[in-house]
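If you read the protein sequences in the order shown, they are chains S and D. Quick note: the first sequence, position 96, residue 96 per the working numbering, numbers continuous. Quick note: the second sequence, position 125, residue 125 per the working numbering, numbers continuous. What follows is one structure encoded as structure tokens, with my remarks underneath.
2 protein chains.
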Amino acid sequence: MISFSSKLIEDAMNEIAKLPGIGRKSAFRIVLHLLKQEPSFTHNLTSALSRLRNEICYCSRCFNISDEEICSICASTQRDRSVICVVENFKDVLIIENTGQFKGLYHVLGGLIAPIENITPDKLKIQELIQRVENENITEIIFALSASIEGDTTAFYITKQLKHLKNLKITSLARGLPIGSELEYADEITLGRSIQARVAYGS
Amino acid sequence: MISFSSKLIEDAMNEIAKLPGIGRKSAFRIVLHLLKQEPSFTHNLTSALSRLRNEICYCSRCFNISDEEICSICASTQRDRSVICVVENFKDVLIIENTGQFKGLYHVLGGLIAPIENITPDKLKIQELIQRVENENITEIIFALSASIEGDTTAFYITKQLKHLKNLKITSLARGLPIGSELEYADEITLGRSIQARVAYGS
Numbered sequence: 001m002i003s004f005s006s007k008l009i010e011d012a013m014n015e016i017a018k019l020p021g022i023g024r025k026s027a028f029r030i031v032l033h034l035l036k037q038e039p040s041f042t043h044n045l046t047s048a049l050s051r052l053r054n055e056i057c058y059c060s061r062c063f064n065i066s067d068e069e070i071c072s073i074c075a076s077t078q079r080d081r082s083v084i085c086v087v088e089n090f091k092d093v094l095i096i097e098n099t100g101q102f103k104g105l106y107h108v109l110g111g112l113i114a115p116i117e118n119i120t121p122d123k124l125k126i127q128e129l130i131q132r133v134e135n136e137n138i139t140e141i142i143f144a145l146s147a148s149i150e151g152d153t154t155a156f157y158i159t160k161q162l163k164h165l166k167n168l169k170i171t172s173l174a175r176g177l178p179i180g181s182e183l184e185y186a187d188e189i190t191l192g193r194s195i196q197a198r199v200a201y202g203s
Numbered sequence: 001m002i003s004f005s006s007k008l009i010e011d012a013m014n015e016i017a018k019l020p021g022i023g024r025k026s027a028f029r030i031v032l033h034l035l036k037q038e039p040s041f042t043h044n045l046t047s048a049l050s051r052l053r054n055e056i057c058y059c060s061r062c063f064n065i066s067d068e069e070i071c072s073i074c075a076s077t078q079r080d081r082s083v084i085c086v087v088e089n090f091k092d093v094l095i096i097e098n099t100g101q102f103k104g105l106y107h108v109l110g111g112l113i114a115p116i117e118n119i120t121p122d123k124l125k126i127q128e129l130i131q132r133v134e135n136e137n138i139t140e141i142i143f144a145l146s147a148s149i150e151g152d153t154t155a156f157y158i159t160k161q162l163k164h165l166k167n168l169k170i171t172s173l174a175r176g177l178p179i180g181s182e183l184e185y186a187d188e189i190t191l192g193r194s195i196q197a198r199v200a201y202g203s
């Protein structure tokens, strides 16, 4: 490991090396790069990071991260305002948006029900979801939660709260073999569920 | 590529992705990490980077980067003050320090003579080196410059300026086969020079 005569370099390296996926060698290369570039380069970087952390807020409707009080998805006139996709956190929103397959709205719960970890329903944005569904002419909610006990519990809990709405369609992401995968590499639970949830050939 | 509803995230990602060795996927992971951590995490990072870029200066003796007017190597009482290792830039100082094999002082030229790129001797810290050698009781200077035309030209130019100092020993890093390398992978120039510069067996 390179030892540094400069405390400034050492401090900067230590902070950079705390970032995910960056070791001390990469951190050193980044420090050299910053020193080689104009001071404005470092200034642009640090101000973008500071603004990100200090100015980001949560959309008051869907609780996705947002630059403003209402996020750009909730504010958009291009989206189908009758469908809500329910996700655990804002990362899931980004991932689903990236598929380009969903044109409705989102609702970010901020976690999944996990009594062992002391995450009870009142700590999540579940009540806010119920209110949106009741007040906003929603015809379908899609659970895009992880395939775990917590995900299933959360979906079950929310479904129970919504059962008085007779016209509401409640769906969940399809589970099954990933596209392009081979049978021999599938785990038993996924394969088992795929058999149970088999679909008509050609559908 | 993931598209972002948030301009703050997009700006931060763009700036992070400009760093060497970091692509957009890594930049995204870093952004998620910053958002997950306490604001103080981002603050520590940005302030370390800002301080690095704004407060770093050059040692007024050896022109190495330094936190203060005299760098810690020049200020140290543990170093051999009669030997100067001449290098192109501060990165070379770090690399040589890392070997733990050199206990003398350094002199950072700030580049190599390259007339085609308009880098003439007066643009480098050569005059400052001559003065140090003349005034500071230096007994040896070691050229640790790259094995290129520019490196050789620079060493030759400095040697000529120092030839009036009869007691000064002028040396250069040994060139030859890297330790642990095999003959068949050595390039011809290195192998050719290794033959010319052969040393007594066992030395």
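Glycine included, every Cβ here is placed at the ideal spot set by N, Cα and C.
Burial state of residue i, where buried means 16 or more other Cβ atoms lie within 10 Å
i: S/Phe-28; result: buried
i: S/Phe-156; result: exposed
i: S/Thr-120; result: exposed
i: S/Ser-60; result: exposed
i: D/Lys-166; result: exposed
i: S/Asp-67; result: buried
i: S/Leu-236; result: This structure leaves residue 236 of chain S out entirely; chain S is present only between 1 and 203.
i: D/Ile-189; result: exposed
i: D/Ile-179; result: exposed
Through-space distance from residue j to residue i, alpha-carbon basis
i: S/Asn-89; j: S/Ala-200; result: 33 Å
i: D/Ser-40; j: S/Ala-48; result: 15 Å
i: S/Ile-158; j: S/Ile-70; result: 24 Å
i: S/His-43; j: S/Arg-24; result: 22 Å
i: D/Lys-160; j: D/Leu-35; result: 58 Å
i: D/Arg-79; j: D/Leu-105; result: 7 Å
i: D/Leu-173; j: D/Gly-100; result: 15 Å
i: S/Leu-19; j: D/Ile-170; result: 45 Å
i: S/Tyr-58; j: S/Phe-102; result: 21 Å
i: D/Val-86; j: D/Arg-198; result: 24 Å
i: S/Ala-144; j: S/Ile-126; result: 14 Å
i: S/Cys-74; j: S/Asn-135; result: 15 Å
i: D/Glu-128; j: D/Ile-96; result: 21 Å
i: D/Gly-133; j: D/Gln-37; result: The question names Gly, yet the displayed sequence has Val at residue 133 of chain D. So the alpha carbons of these two residues sit roughly 52 Å apart.
i: D/Asp-204; j: S/Ile-65; result: Here chain D covers residues 1 to 203 and nothing more, so residue 204 of chain D does not appear.
i: D/Lys-123; j: D/Leu-168; result: 25 Å
i: D/His-33; j: S/Glu-15; result: 13 Å
i: S/Leu-191; j: S/Gly-151; result: 19 Å
i: S/His-164; j: D/Ser-6; result: 36 Å
Where the alpha helix (DSSP H) through residue i begins and ends
i: S/Lys-166; result: S/Lys-166 -> no alpha helix (DSSP H), and no H or E assigned at all.
i: D/Val-133; result: 126-135
i: D/Val-31; result: 24-36
i: D/Tyr-157; result: 149-161
i: D/Tyr-187; result: Correcting the residue identity first, residue 187 of chain D is Asp in this sequence and not Tyr. Careful: D/Asp-187 lies outside any alpha helix (DSSP H) and carries neither H nor E.
i: S/Ile-73; result: 72-75
i: D/Asp-92; result: 90-99
i: S/Asp-11; result: 7-17
i: D/Pro-39; result: 39-55
Beta-carbon proximity of residue i to residue j, cut-off 7 Å
i: S/Ser-50; j: S/Ile-138; result: no
i: D/Ile-84; j: D/Ile-141; result: yes
i: S/Leu-52; j: D/Ala-12; result: yes
i: D/Phe-63; j: D/Val-108; result: yes
i: D/Ser-194; j: D/Gly-176; result: yes
i: S/Thr-46; j: D/Thr-46; result: yes
i: S/Glu-55; j: D/Leu-8; result: yes
i: D/Ser-26; j: S/Gly-110; result: no
i: S/Thr-153; j: S/Ile-113; result: yes
Continuous beta strand (DSSP E) stretch holding residue i: start and end
i: S/Leu-105; result: 105-108
i: S/Phe-143; result: 140-143
i: D/Ile-84; result: 83-87
**Study point:** Contacting positions in the stretch 154-167 of chain D - beta carbon closer than 8 Å to chain A
**Key:** Absence of chain A from the displayed structure is noted, the protein chains being S and D.
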